[in-house]
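*Asks:* Numbering (our numbering), first residue to last: 21 to 323. Before anything else, here's the structure in question.
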Amino acid sequence: MLDIVIEARKAAISEAIEVKRILPFRLRRMVGPFVFMDHAGPIANIPAQPSDMDVLPHPHIGLSTVSYLFGGQVTHRDSLGVEQIIRPGEVNWMTAGKGIAHSERFEDPSALNGGLEMIQTWVALPEKDEETNPAFNNYTVNQLPVFTDKGVWMRLIAGNAYGLSNHVKTNSPLFYLHVVLQPHTPFALPQEHTERALYIVKGRIEISGHTYSSGHMLVFTKEMDPLIVAKEHTSLMILGGEPLGERYIWWNFVSSRKERIEQAKEDWKQGRIILPPNDNHEFIPLPQDYGRPAGPPRPEPLS
């Protein structure tokens with residue numbers, strides 16, 4: 021049976037980008053190791069100054085950010101000196117570990133003529149990897165092979181599912197796919213993972229006589245083997261994996277320990293998490309928390 025249905029909420033991540041925020045949710049903080057999910061766009065009316073959409077340098081600890089584009093182009097810069105443009109169908113996988121800062125810039129107006137749409141998730145790291153050295157990888161379309169069946173198109177972004185795998189480096193058992201279904205096509209979730217969910221990017225699906233539309237995440241119990249039927253041309257992100265245990269989130273920081281969150285706050289205030297060397301003239305300051313202690317996730321982190 022369904023564990024929960026999550027309706028995306030609105031959140032702003034820059035002056036000109038409002039996103040649909042799916043995870044964390046007050047009644048469901050994680051699905052497998054996935055602790056955060058934002059859906060930006062589709063944004064057809066790009067501002068006259070695309071830089072208004074920029075997400076300025078900001079810090080992360082204890083997680084990997086996973087960015088996947090449907091349309092547009094984003095330039096990533098980070099503390100390691102990496103500068104990487106991400107294009108549709110590619111994945112930027114940044115492991116923050118003990119601490120990294122990065123920015124996301126929109127610097128080529130011509131690349132945004134068709135609009136912007138992207139999904140960003142955060143994958144919590146196992147406790148043994150929370151203090152690992154930061155790392156970054158870009159995976160091109162050719163490294164993320166596409167698989168098709170009758171009425172089904174899917175790209176494996178990371179992990180293992182349906183007997184498929186790729187070379188995207190992960191730290192714990194998980195699966196993450198982009199799936200497109202033609203109208204009336206039946207589809208089933210992979211069964212080998214403990215926690216499983218789907219997010220409807222666009223379109224509608226039917227499960228057990230109930231219809232669900234875009235902007236909703238459906239989380240399933242382990243025992244359920246749902247038959248998913250597309251009511252129209254539908255795009256889904258399906259994800260999950262093995263749970264890692266409780267995680268605390270405050271702003272952009274994720275950790276299994278509350279005290280580590282407090283340390284990260286002080287590290288950012290004191291400049292101990294360095295800015296990207298090729299994007300270090302501005303940054304997002306630590307938000308005020310009005311004395312609120314680190315605790316269960318509050319749904320206000322930036323991407």
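Glycine is no exception: its CB is placed at the ideal position from the N, C-alpha and C atoms.
How is E38 classed by DSSP in three states: helix, strand or coil?
*Replies:* strand
*Asks:* Do I281 and D287 have their beta-carbon atoms positioned less than 7 Å apart in this structure?
*Replies:* no
*Asks:* Take the Cβ of Q290 as the centre, count every other Cβ of all protein chains shown within 10 Å, and call the residue buried at 16 or more, exposed below.
*Replies:* exposed
*Asks:* Determine the contact status of T160 and M21, defining contact as a CB-CB distance below 7 Å.
*Replies:* no
*Asks:* For R97, report the span of its beta strand (DSSP E) as first-last.
*Replies:* 94 to 98
*Asks:* In whole angstroms, what is the alpha-carbon distance linking M50 and R41?
*Replies:* 13 Å
*Asks:* Please report the straight-line C-alpha distance between P305 and F90, rounded to a whole angstrom.
*Replies:* C-alpha separation (whole angstroms): 30 Å.
*Asks:* Can you tell me where the alpha helix (DSSP H) holding Q211 begins and where it ends?
*Replies:* From DSSP, Q211 is part of no alpha helix (DSSP H); its letter is neither H nor E.
*Asks:* In this structure, what does DSSP give as the bridge partners for E124?
*Replies:* V75, H96
*Asks:* Mind pulling the beta strand (DSSP E) runs of 3 or more residues that sit fully within the region 119 to 194?
*Replies:* 120 to 125, 136 to 144, 155 to 159, 166 to 169, 172 to 181
*Asks:* DSSP on K278, reduced to helix/strand/coil?
*Replies:* helix
*Asks:* To which residues of the same chain is V249 closer than 6 Å at the C-beta, ignoring the five residues directly before and after it?
*Replies:* P206, E226
*Asks:* Which residue's Cα is closest to the Cα of P307: W270, K278, G229?
*Replies:* Nearest neighbour of P307 by Cα position, chosen from W270, K278, G229, turns out to be W270.
*Asks:* Would you grab the beta carbon distance between G135 and P62 for me? Rounded to a whole angstrom, and I think it's under 8 Å.
*Replies:* 5 Å
*Asks:* Bridge partners for S84 per DSSP, in chain order?
*Replies:* Paired residues: T115, V143.
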